[in-house]
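Heads up: the sequence lines are chains C and Z, in that order. Residue numbers are given in full-length UniProt numbering: position 276 of the first sequence equals residue 276, and the series is strictly consecutive. Residue numbers are given in full-length UniProt numbering: position 281 of the second sequence equals residue 281, and the series is strictly consecutive. A virtual CB, placed ideally from N, CA and C, is assigned to each residue, including glycine. Because the structure is a prediction, the values reported are computed rather than measured. Report on the following structure.
2 protein chains.
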Amino acid sequence: MAISSQIRAPVIADVARVAGVSVPTVSRVLTGSTPVSDEKRERVMSAIRELGYRPNAAARALVSGRQSMIAIVAGNTTRYGYSTTIQGIEEAARAAGYLVVISVLEVPEDSVDDAKVATTIDLVLSQPVAGVVVIEFDEAGIHASKAFPSTVPMVSAAAFPTDGATSPQAYLDDRAAGQAATEYLLGLGHETVHHVSLPQAIPRMGRTLGWADALRAAGIEVPPVIPGAWEPAAGREVGLALAARDDVTAVLCGNDEVAVGVIRGLYDGGRSVPGDVSVIGFDDEPLAAVTIPSLTTVSQDFIDLGRRAFGLLEQLITSGSAPSLSSASASLVVRESTSAPRTGRAVAS
Amino acid sequence: MAISSQIRAPVIADVARVAGVSVPTVSRVLTGSTPVSDEKRERVMSAIRELGYRPNAAARALVSGRQSMIAIVAGNTTRYGYSTTIQGIEEAARAAGYLVVISVLEVPEDSVDDAKVATTIDLVLSQPVAGVVVIEFDEAGIHASKAFPSTVPMVSAAAFPTDGATSPQAYLDDRAAGQAATEYLLGLGHETVHHVSLPQAIPRMGRTLGWADALRAAGIEVPPVIPGAWEPAAGREVGLALAARDDVTAVLCGNDEVAVGVIRGLYDGGRSVPGDVSVIGFDDEPLAAVTIPSLTTVSQDFIDLGRRAFGLLEQLITSGSAPSLSSASASLVVRESTSAPRTGRAVAS
DNA sequence: CTGAAAGCGCTTACAG
DNA sequence: CTGAAAGCGCTTACAG
Numbered sequence: 001m002a003i004s005s006q007i008r009a010p011v012i013a014d015v016a017r018v019a020g021v022s023v024p025t026v027s028r029v030l031t032g033s034t035p036v037s038d039e040k041r042e043r044v045m046s047a048i049r050e051l052g053y054r055p056n057a058a059a060r061a062l063v064s065g066r067q068s069m070i071a072i073v074a075g076n077t078t079r080y081g082y083s084t085t086i087q088g089i090e091e092a093a094r095a096a097g098y099l100v101v102i103s104v105l106e107v108p109e110d111s112v113d114d115a116k117v118a119t120t121i122d123l124v125l126s127q128p129v130a131g132v133v134v135i136e137f138d139e140a141g142i143h144a145s146k147a148f149p150s151t152v153p154m155v156s157a158a159a160f161p162t163d164g165a166t167s168p169q170a171y172l173d174d175r176a177a178g179q180a181a182t183e184y185l186l187g188l189g190h191e192t193v194h195h196v197s198l199p200q201a202i203p204r205m206g207r208t209l210g211w212a213d214a215l216r217a218a219g220i221e222v223p224p225v226i227p228g229a230w231e232p233a234a235g236r237e238v239g240l241a242l243a244a245r246d247d248v249t250a251v252l253c254g255n256d257e258v259a260v261g262v263i264r265g266l267y268d269g270g271r272s273v274p275g276d277v278s279v280i281g282f283d284d285e286p287l288a289a290v291t292i293p294s295l296t297t298v299s300q301d302f303i304d305l306g307r308r309a310f311g312l313l314e315q316l317i318t319s320g321s322a323p324s325l326s327s328a329s330a331s332l333v334v335r336e337s338t339s340a341p342r343t344g345r346a347v348a349s
Numbered sequence: 001m002a003i004s005s006q007i008r009a010p011v012i013a014d015v016a017r018v019a020g021v022s023v024p025t026v027s028r029v030l031t032g033s034t035p036v037s038d039e040k041r042e043r044v045m046s047a048i049r050e051l052g053y054r055p056n057a058a059a060r061a062l063v064s065g066r067q068s069m070i071a072i073v074a075g076n077t078t079r080y081g082y083s084t085t086i087q088g089i090e091e092a093a094r095a096a097g098y099l100v101v102i103s104v105l106e107v108p109e110d111s112v113d114d115a116k117v118a119t120t121i122d123l124v125l126s127q128p129v130a131g132v133v134v135i136e137f138d139e140a141g142i143h144a145s146k147a148f149p150s151t152v153p154m155v156s157a158a159a160f161p162t163d164g165a166t167s168p169q170a171y172l173d174d175r176a177a178g179q180a181a182t183e184y185l186l187g188l189g190h191e192t193v194h195h196v197s198l199p200q201a202i203p204r205m206g207r208t209l210g211w212a213d214a215l216r217a218a219g220i221e222v223p224p225v226i227p228g229a230w231e232p233a234a235g236r237e238v239g240l241a242l243a244a245r246d247d248v249t250a251v252l253c254g255n256d257e258v259a260v261g262v263i264r265g266l267y268d269g270g271r272s273v274p275g276d277v278s279v280i281g282f283d284d285e286p287l288a289a290v291t292i293p294s295l296t297t298v299s300q301d302f303i304d305l306g307r308r309a310f311g312l313l314e315q316l317i318t319s320g321s322a323p324s325l326s327s328a329s330a331s332l333v334v335r336e337s338t339s340a341p342r343t344g345r346a347v348a349s
């Protein structure tokens with residue numbers, strides 16, 4: 001069927017024929033591996049242009065064994081911390097000549113489905129990837145990084161290092177940050193600080209641990225963690241419930257979205273922020289600076305986290321090993337949502 | 001060097017040898033293309049397990065010609081509309097068995113660098129992708145979709161259809177939405193509505209056109225567009241400037257982030273929202289429901305947009321053609337940031 | 001500098 | 001149901 005031959009994408013042999021050279025010569029001008037005479041190079045280039053030839057990526061990868069893709073495995077791609085970390089990884093990867101494939105872990109409500117994690121891992125490893133970065137901001141990510149076969153180069157980007165991690169990790173020290181934020185509130189004169197956590201792994205989250213650290217260090221009994229969520233709407237519900245309590249004057253939230261929701265719930269419940277209650281968020285997303293009141297929060301550099309994670313992966317790929325951890329810094333940004341407790345309230349209760 | 005043979009990843013021939021069958025038989029149990037006797041299948045499966053064998057993706061793609069990746073090309077991956085659209089595409093792609101590679105267009109301030117766009121396209125096409133979805137929310141995306149060679153299946157996801165698009169587009173009708181939002185404000189009694197646009201392509205954005213449509217239809221002179229940005233901080237600057245003007249009672253913003261910033265700027269400039277000025281956003285991101293005041297905004301279904309875009313691409317890949325467009329719907333969500341103008345103000349000015 | 005040869009790891013007809 | 005053969009599109013030694 002000569003008719004269908006028009007549809008076929010041109011291959012290297014077509015270029016060679018049109019240019020009047022051998023296939024390896026075309027390959028040589030393409031890869032630049034060996035010098036080619038100016039004249040033949042010219043003929044090859046114009047044949048490539050004429051035919052609109054593009055090398056077949058699969059064939060190249062097969063023969064060269066070199067991969068130019070890395071995978072990111074994450075439980076979410078849209079939330080601020082996740083998407084910003086992904087951006088950091090992507091920028092660094094692109095600069096190093098790698099393309100990024102994203103693989104999302106389907107995360108059920110509370111428990112992690114091991115079979116789904118395995119499916120995702122299989123899908124990723126069915127592609128020619130040089131290595132993978134797992135985002136360990138949630139249970140699904142932690143499970144995934146444990147389930148990855150040790151044969152593929154893998155590093156993780158985390159908020160706080162996982163116990164007994166066997167692969168290199170880049171992390172933000174959110175435990176220290178949680179502690180600092182709590183100490184700030186205590187320093188303002190609040191008798192205690194309550195904590196609205198992110199959904200999963202409640203006892204294991206760095207920021208939750210840091211909050212408890214600070215309280216214990218100050219000799220204050222650690223109140224029960226208030227289970228939260230990722231979304232602002234859930235934060236509002238919590239805020240509404242908190243508004244009814246007289247003993248709550250300071251709240252540390254798992255992230256900014258929840259914090260803005262908590263503030264709204266408090267407001268709807270008749271409490272002012274920071275007049276009646278001080279609220280601190282986590283992450284410092286752009287909106288935190290312009291809400292009313294603007295948010296006191298912990299600024300975390302997710303772009304840098306992503307870059308560092310890629311840096312570790314690149315080391316692992318090229319040298320076969322990488323340092324087991326590398327941390328980025330966090331800092332408290334004080335804005336309008338916190339203040340000293342009302343006189344006579346914190347002291348008198 | 002027998003020593004290094006341990007490091008080599010097992011290939012199909014290794015499995016065949018261990019299982020005591022031929023290579024094609026292993027391939028058959030892997031692909032399920034032809035029946036294999038139970039006994040041999042068992043032997044093959046256990047050999048695969050024993051060796052930890054995984055098929056080489058590059059070899060598979062080369063011989064089968066089938067690709068299992070699609071690419072998303074976008075100017076940004078973190079902003080609400082972008083990341084949510086990407087999520088929609090990813091979910092649909094994953095359900096259909098495709099993995100997604102993300103390719104970010106480096107977008108300079110104002111102009112689009114054609115060379116950079118070309119570089120990104122080359123990088124994407126150097127991978128074995130079945131097709132690509134270009135996110136046309138900005139100039140870079142629009143340029144990219146025009147620059148793509150017609151040989152690769154490509155569709156775009158847009159806010160509003162591009163003039164003379166040659167490839168299938170899924171879009172949100174933000175022109176109609178911008179018009180409806182403006183009409184709502186006019187209906188409340190405002191004499192005119194000002195518009196803070198998103199950065200690029202000011203005259204061409206659907207929401208900007210819709211805003212002008214509504215004004216013209218009401219016989220109102222269209223005021224100059226106030227050039228905005230994507231970020232809340234820029235919105236605040238605009239709000240501050242607007243606070244000094246007595247003729248501004250209603251503002252339609254290019255997105256929610258900017259709207260929250262504008263409200264903050266107005267507030268810092270001594271104006272209340274909606275008391276003095278009504279503000280409408282665009283997108284309805286989760287935070288819009290809990291800010292103080294909560295935001296009246298245009299809800300756009302980006303997840304659905306992403307799904308539709310992937311649907312078009314899949315059609316294009318399998319059947320060679322797809323409808324030239326497909327729209328998702330938008331709706332106005334009325335909350336606290338809008339109200340009728342103060343009596344005696346709008347009327348008397 | 002350049003061509004003929006071999007081979008990357010897999011799948012798909014071809015013959016049983 | 002199953003093996004021997006051919007071939008996907010490219011690159012890398014091998015000989016000039």
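Only counting the same chain, and skipping five residues up and downstream in sequence, which positions put a Cβ closer than 6 Å to that of residue i?
i: residue 269/C; result: 240, 243
i: residue 345/Z; result: With a pLDDT of 46 at residue 345/Z, under the threshold of 50, the modelled position of this residue cannot be trusted, and the question is left open.
i: residue 80/Z; result: 283, 285
i: residue 12/Z; result: 23, 26
At a CB-CB cut-off below 8 Å, which residues of chain Z make contact with residue i?
i: residue 353/C; result: Coverage of chain C is limited to positions 1 through 349, which leaves residue 353/C absent and any answer about it impossible.
i: residue 151/C; result: 9, 52
i: residue 286/C; result: 231, 232, 233, 257
i: residue 350/C; result: The question about residue 350/C has no answer, for chain C in this structure spans 1 to 349.
i: residue 45/C; result: Here the premise fails: no neighbours, minimum Cβ distance about 15 Å.
For residue i, does the count of other Cβ atoms within 10 angstroms reach 16, so buried, or fall short, so exposed?
i: residue 246/Z; result: exposed
i: residue 347/C; result: Per-residue confidence for residue 347/C stands at a pLDDT of 42, beneath the threshold of 50, marking its modelled position as unreliable; the derived number appears in the next sentence. That one is exposed.
i: residue 8/Z; result: exposed
i: residue 37/Z; result: exposed
i: residue 2/C; result: The pLDDT assigned to residue 2/C is 28, lower than 50, so where the model puts this residue is not dependable, and the model offers no usable value.
i: residue 318/Z; result: exposed
i: residue 34/Z; result: exposed
i: residue 21/Z; result: buried
Is there a C-beta anywhere in chain C that falls below 8 Å from the one on residue i?
i: residue 264/Z; result: yes
i: residue 272/Z; result: no
i: residue 62/Z; result: yes
i: residue 204/Z; result: no
Cutting at 7 Å between CB atoms, please list the residues of its own chain near residue i, excluding the five before and the five after it.
i: residue 340/Z; result: 188, 189
i: residue 97/Z; result: 68
i: residue 129/Z; result: 67, 69, 70, 71, 101
i: residue 314/Z; result: 96
i: residue 291/Z; result: 260
Hey, is residue i's beta-carbon within less than 8 Å of any beta-carbon in chain Z?
i: residue 103/C; result: yes
i: residue 90/C; result: yes
i: residue 313/C; result: no
i: residue 320/C; result: no
i: residue 41/C; result: no
i: residue 308/C; result: no
i: residue 127/C; result: yes
i: residue 99/C; result: yes
i: residue 123/C; result: yes
i: residue 69/C; result: yes
i: residue 58/C; result: yes
i: residue 236/C; result: yes
Would you say the beta carbon of residue i comes nearer than 7 Å to a heavy atom of the ligand SAH?
i: residue 320/Z; result: Looking at this structure, you won't find the ligand SAH or any other ligand, since it has none at all.
List, in order along the chain, the chain C residues whose C-beta lies closer than 7 Å to that of residue i?
i: residue 78/Z; result: 83, 84, 87
Within the same chain, show all residues whose beta-carbon is closer than 8 Å to that of residue i, passing over the 5 residues directly before and after it, in chain order.
i: residue 51/Z; result: 10, 14, 15, 18
Using a Cβ cut-off of 9 Å, pull out every chain Z residue sitting near residue i, in sequence order please.
i: residue 94/C; result: 103, 104, 106, 120, 123
Checklist entry - Are the segment 37-47 of chain C and the segment 59-75 of chain C touching by the rule of at least three beta carbon pairs closer than 8 Å? => result no
Item to check | Stretch-stretch touch, CB-based, cutoff 8 Å, three pairs: the segment 320-333 of chain Z with the segment 255-275 of chain Z | outcome: no
Checklist entry - Do the segment 306-322 of chain C and the segment 270-280 of chain C touch if we need at least three Cβ pairs shorter than 8 Å? => result no
Checklist entry - Between the segment 301-308 of chain C and the segment 79-93 of chain C, do at least 3 Cβ pairs fall closer than 8 Å? => result yes
Checklist entry - Does the segment 153-167 of chain Z come within contact of the segment 129-145 of chain Z, defined as at least 3 CB pairs closer than 8 Å? => result yes
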